[in-house]
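Just so you know, the protein sequences line up as chains A and B, in that order. My numbering applies: residue 146 is where the first sequence begins, and numbers increase by one. My numbering applies: residue 146 is where the second sequence begins, and numbers increase by one.
There are 2 protein chains.
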Amino acid sequence: MRWQPDAVGRLQASALELFAERGYDATTVADIAGRAGLTRRTFFRHFTDKREVLFVGSEQLLQAFLAAMEAADLDAPPLDTVIVGVEALADIFGPERHQFARTRAAIISSCPELHERELIKLASMSAAAAETLRTRRVPGPVATLAADTGVNVFHATFTRWIAQDDPAAFRRILHEVLRTLSSLIAHHRSDTDTAALT
Amino acid sequence: MRWQPDAVGRLQASALELFAERGYDATTVADIAGRAGLTRRTFFRHFTDKREVLFVGSEQLLQAFLAAMEAADLDAPPLDTVIVGVEALADIFGPERHQFARTRAAIISSCPELHERELIKLASMSAAAAETLRTRRVPGPVATLAADTGVNVFHATFTRWIAQDDPAAFRRILHEVLRTLSSLIAHHRSDTDTAALT
DNA sequence: GTCTATAGTGCGATAGAC
DNA sequence: GTCTATCGCACTATAGAC
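So, in structure tokens, the structure goes:
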């Protein structure tokens, strides 16, 4: 019974099932470990806390995102560099992940504690992207704004992706979001600004 | 000794001083209450927890933001409506608030616990803005994107405002940020998109 | 593991404003 | 007297020191 492979994966799967069945709060770490054929102690050897079992994937996500940004054309405008990173995530959020992502999102939105953790992950994604841009000699404030904008685009894309039914639509939705953003800015009349400047 | 006016204000001032002097973790609620001439118990009558003493202002901020959005031209494009809300915050972040905002920001960035709380406040600001836009018949996904973008602009503006030395520069910086954002989007070449579409 | 310090809560008592 | 902000005490929970 011991030393079955992929303890982390089994714990994640068990946690997702139990959270979906009974809710996050009503599930104990012992329940999760039990279903995975492991002990409470082993759970905490792999995850720092109960929440973290839902967020391990975001580490590899961040790596893929940053790697793609690093590989982007050095002459690319800042926002393009970030979007190249988001594009790379389309490979991670493929059709096979759609159902998983939906279930996970439903759990997260049901619990403020988890929602907070997600905000933190998005913020660190943005901070890392800004840092990468700064390495490319993009001025700090511009880097921050471009990074935040890119992460917004990612978040909007992800949200729409799980809200609709085509599991393969991530990349298409990403471009829809980019078009929406462009038109939002394009329709923004700067006479709102100039009026306020006088 | 009892019944001195403005208990909340005194508690906020004491907290800010002590956090700046000794750090957030090294300050106990009893210390704060003591300096304000009150007791620990009274502190918790006014604030749900220790962090909240640094965030009460954000409630009135949210109200001013939403009120300005409500008052905006009904025909205005979505992003303009949100920016009208941000413009209104220039009145709150006037010169007299500059030093306070700087001190507060330094404290918040020194403690992850506080940083989280700030992320949550920004997220609820975005959610409220999106809700207001939806009331104006802006489609949900567009509303979310416009709201997030506006809150980003606010955050970038605020960050630059406290990083520089002119206490009256909030509105000017806001327009700088808007120009930066426009140019970021303008320089974004959509052949990145079309290439990925093929 | 124990021990300590602190966050945070419930409830009843008290001091002052009216 | 009423009303309410403040207070005092006893409690639980938890994080860290040892």
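Virtual Cβ for every residue (Gly too), placed ideally from N, Cα, C.
Counting only C-beta atoms, is residue i closer than 8 Å to chain A at any point?
| i | result |
| --- | --- |
| E197 (chain B) | no |
| R334 (chain B) | yes |
| V322 (chain B) | yes |
| L161 (chain B) | no |
| T325 (chain B) | yes |
| T337 (chain B) | Confidence is the limiting factor: at T337 (chain B) the pLDDT is only 49, short of 50, which leaves the residue's position unreliable and the question unanswerable from this model. |
Under the assumption that residue i contacts residue j (Cβ atoms under 8 Å), give the Cβ distance between them as a whole number of angstroms.
| i | j | result |
| --- | --- | --- |
| A216 (chain B) | I307 (chain B) | About 27 Å; that fails the 8 Å criterion. |
| G295 (chain B) | I228 (chain B) | 6 Å |
| L224 (chain B) | H333 (chain A) | 5 Å |
| G230 (chain A) | F210 (chain A) | 4 Å |
| T302 (chain A) | F315 (chain A) | 7 Å |
| L163 (chain B) | D151 (chain B) | That belief does not hold up - the Cβ atoms of L163 (chain B) and D151 (chain B) are roughly 18 Å apart, past 8 Å. |
| V174 (chain A) | R185 (chain A) | 5 Å |
Is the Cβ of residue i closer than 8 Å to any Cβ of chain B?
| i | result |
| --- | --- |
| T289 (chain A) | yes |
| M225 (chain A) | With the sequence shown as reference, residue 225 (chain A) is identified as Asp, and Met is not the correct amino acid for it. Yes - at least one Cβ of chain B is within 8 Å of the one on D225 (chain A). |
| P150 (chain A) | no |
| A341 (chain A) | With a pLDDT of only 48 at A341 (chain A), under the threshold of 50, the placement of this residue in the model should not be trusted; the figure read from the coordinates follows. At least one chain B Cβ lies under 8 Å of A341 (chain A). |
| T294 (chain A) | yes |
| P240 (chain A) | no |
| L278 (chain A) | no |
| L207 (chain A) | no |
| L219 (chain A) | no |
| I330 (chain A) | yes |
Closest to residue i by C-alpha separation, out of the options, would be which residue?
| i | options | result |
| --- | --- | --- |
| S327 (chain A) | B:V298, B:L290, B:N297, B:F315 | B:L290 |
| M270 (chain A) | A:D311, A:A331, A:Q205 | A:Q205 |
| E232 (chain B) | B:T325, B:L329, B:E241, B:R317 | B:R317 |
| L120 (chain A) | A:D151, A:F299, A:A313, A:F188 | There is no way to answer for residue 120 (chain A), as the model of chain A reaches only from 146 to 343. |
| Q208 (chain A) | A:L234, A:T184, A:F188, A:R185 | A:L234 |
| S254 (chain B) | B:P150, B:R190, B:A165, B:A175 | B:A165 |
| A313 (chain B) | B:R324, B:R281, B:G239 | B:G239 |
| F192 (chain A) | A:A160, A:F315, A:N297 | A:A160 |
| P222 (chain A) | A:I252, A:Q309, A:P284 | A:P284 |
| D293 (chain B) | A:V322, A:P286, A:R196 | A:V322 |
| D218 (chain B) | B:A331, B:R281, B:R324 | B:R281 |
| M214 (chain A) | A:G202, A:A288, A:R180 | A:A288 |
| Q244 (chain A) | A:I330, A:D311, A:T325 | A:D311 |
| Q309 (chain B) | B:I252, B:G202, B:A272, B:A246 | B:A246 |
| L329 (chain A) | B:K195, B:T187, B:T226 | B:T226 |
| P286 (chain B) | A:R324, A:L183, A:G182 | A:R324 |
| R196 (chain B) | B:L264, B:A331, B:N297, B:G182 | B:L264 |
| G344 (chain B) | B:W148, B:N297, B:A272, B:A212 | Absent from the structure is residue 344 (chain B), since the part of chain B shown begins at 146 and ends at 343. |
| G202 (chain B) | B:R242, B:A331, B:R180, B:A178 | B:R242 |
| A272 (chain A) | A:R180, A:T248, A:N297 | A:N297 |
Pairing CB atoms from the region 274 to 289 of chain A with CB atoms from the region 146 to 155 of chain B, are three or more of them under 8 Å?
no
Residues of the region 299 to 316 of chain B whose Cβ lies closer than 9 Å to any Cβ of chain A, in chain order
H300, A301, T304, R305, A308, R316
With a cut-off of 8 Å, do at least 3 Cβ pairs link the region 169 to 176 of chain A to the region 255 to 267 of chain A?
yes
Which residues, taken in chain order from the region 243 to 271 of chain A, show a beta carbon closer than 7 Å to some beta carbon of chain B?
E261, L264, I265, A268
Along the region 164 to 191 of chain B, where does the CB come closer than 8 Å to a CB of chain A? Name the residues.
From the region 164 to 191 of chain B, no residue has a Cβ closer than 8 Å to chain A.
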